[in-house]
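To keep things clear, I will list the structure first and then write my remarks on it.
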Amino acid sequence: VPASDYESESATIAQGVVESNWAGFSGTGFVNYDNVVGSSVEYTVTAAQAGAHVLTFRFANGTTVSRPLAVNANGGAATTVAFPPTGAWTTWQTAAVTLPLVAGANKVRAVSTTAEGGPNADKLSIAFSGPADTERP
Ligand code: GCU
């Protein structure tokens with residue numbers, strides 16, 4: 123099952139703006155989360171099967187402190203992911219979280235938890251559309 127990428131600039135953004143001034147992003151830009159608690163990006167992610175899935179965020183954080191996001195699927199329990207400094211706004215790294223998804227469409231929401239807001243968010247990838255541990259090639 124091939125990887126699927128979901129660009130942040132195509133997601134549902136609340137308290138954030140699409141920008142393209144820092145090189146290295148995929149697609150046409152990235153989301154600059156507003157520097158407030160509660161700024162968010164919601165991706166609609168399709169899974170072939172229900173179960174635990176690994177979701178990988180590509181991001182940049184050019185500051186010296188983490189920009190944590192609380193991530194949940196379909197309004198369920200949130201897992202906080204740190205999104206640590208990457209050294210520069212043009213240096214993009216990935217951070218993964220495992221969440222339960224249903225078969226079909228899922229709403230994956232990533233919400234900032236500090237006054238600094240989130241990292242610059244490039245995209246969300248789901249490595250395999252089947253369950254994490256049963257469809258690896
Ligand atoms: C700078 C940078 C933005 C970033 C922002 C922030 O303004 O240019 O890309 O999003 O800092 O701290 O969130």
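In terms of the working numbering, the sequence shown opens at residue 123 and continues consecutively.
Ideal Cβ positions, reconstructed from N, Cα and C, are used throughout, including at glycine.
- DSSP places residue 126 in the strand class (E or B) of the three-state scheme.
- Close to the ligand GCU, as judged by a C-beta nearer than 7 angstroms to any of its heavy atoms, are the residues 141, 143, 144, 154, 155, 157, 184, 185, 211, 238, 239 and 242, in chain order.
- Residue pairing by DSSP places residue 218 opposite 178 in a beta bridge.
- In this structure, residue 235 lies near residue 192, with their beta-carbon atoms less than 8 angstroms apart.
- Per DSSP, residue 141 is one residue of the beta strand (DSSP E) stretching across 138–141.
- For residue 226, the enclosing beta strand (DSSP E) stretches over residues 226–234.
- Distance between residue 136 and residue 146, taken at the CA atoms: about 23 angstroms.
- According to the DSSP assignment, residue 242 belongs to the beta strand (DSSP E) that extends over 242–248.
- Here the stretch 152–161 does not lie against the stretch 221–228, with fewer than 3 beta-carbon pairs under 8 angstroms apart.
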